[in-house]
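**Q** Got a structure for you, written out below as structure tokens; questions coming shortly.
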């Protein structure tokens with residue numbers, strides 16, 4: 001996750017830029033994951049599940065939607081200290097579309113340095129995911145990775161948008177072939193207007 005580590009100070013007291021972090025998962029439950037894949041990110045998501053040695057099966061959207069109870073179609077959680085936001089989109093349609101756009105505008109209004117957007121792989125169809133991704137790309141969002149067991153225990157596709165130039169993008173140290181491949185995927189997918 002680019003920019004997920006907030007600014008700090010070095011040993012001389014000088015400010016340091018935001019840095020990246022790589023979240024790793026050790027799934028304790030090994031049953032197949034019920035998901036839909038968007039066309040654009042099917043390859044990276046399949047690689048993520050393969051790296052975790054997890055199988056995938058077609059999502060039962062009706063059951064998954066029932067697990068959401070009264071959660072909103074889209075919501076935003078702000079972290080004032082980290083100057084970041086996480087948008088979660090659990091349902092699509094007019095409500096989800098409008099809620100997602102409003103959440104992105106809220107993050108811009110609050111001058112967040114980085115914004116993440118999670119798309120529920122169990123409740124959103126492939127077509128819903130494709131449409132949401134296309135809209136998020138217009139706001140300079142790009143691939144971030146897979147978030148296992150997020151809201152309602154569903155897996156999410158995580159996208160990210162960098163809204164600050166003070167983010168360290170080089171010197172990221174990774175220790176596995178999969179992590180190196182993930183970094184290449186992320187940097188290749190960055191929107192042209194967000195390139196530093």
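Numbering (the UniProt record's numbering), first residue to last: 1 to 196. The beta-carbon is built from N, C-alpha and C at its ideal position, and this holds for glycine as well. Keep in mind the model is a prediction, meaning the values are calculated, not measured.
Compare the beta carbon distance of residue 127 and residue 96 with 8 Å and say whether it is the shorter of the two.
**A** Result no, Cβ atoms of residue 127 and residue 96 do not sit closer than 8 Å.
**Q** In whole angstroms, what separates the C-alpha of residue 66 from that of residue 180?
**A** Each residue's alpha carbon lies about 38 Å from the other.
**Q** Is the beta carbon of residue 91 closer than 8 Å to that of residue 123?
**A** Yes. Within cutoff.
**Q** So which of 154, 146 and 165 has the shortest CA-CA distance to residue 44?
**A** Checking every option, the nearest Cα to that of residue 44 belongs to 146.
**Q** Please classify residue 13 as buried or exposed, where buried requires at least 16 neighbouring CB atoms within 10 angstroms.
**A** Exposed, because fewer than 16 other Cβ atoms sit within 10 Å of the Cβ of residue 13.
**Q** Look up residue 194 in the DSSP assignment and say whether it is helix, strand or coil.
**A** Because residue 194 carries a pLDDT of 45, less than 50, the predicted location of this residue cannot be relied on, and the following value inherits that uncertainty. DSSP places residue 194 in helix when its eight states are reduced to three.
**Q** In angstroms with no decimal places, state the Cα-to-Cα distance between residue 137 and residue 117.
**A** Near 11 Å, if we compare the C-alpha coordinates of residue 117 and residue 137.
**Q** If you draw a straight line from the C-alpha of residue 177 to the C-alpha of residue 148, how long is it?
**A** If you take the alpha carbons of residue 177 and residue 148, they lie about 20 Å apart.
**Q** Provide the residue(s) that pair with residue 145 in DSSP beta bridges, ordered along the chain.
**A** In DSSP, residue 145 forms a bridge with 158.
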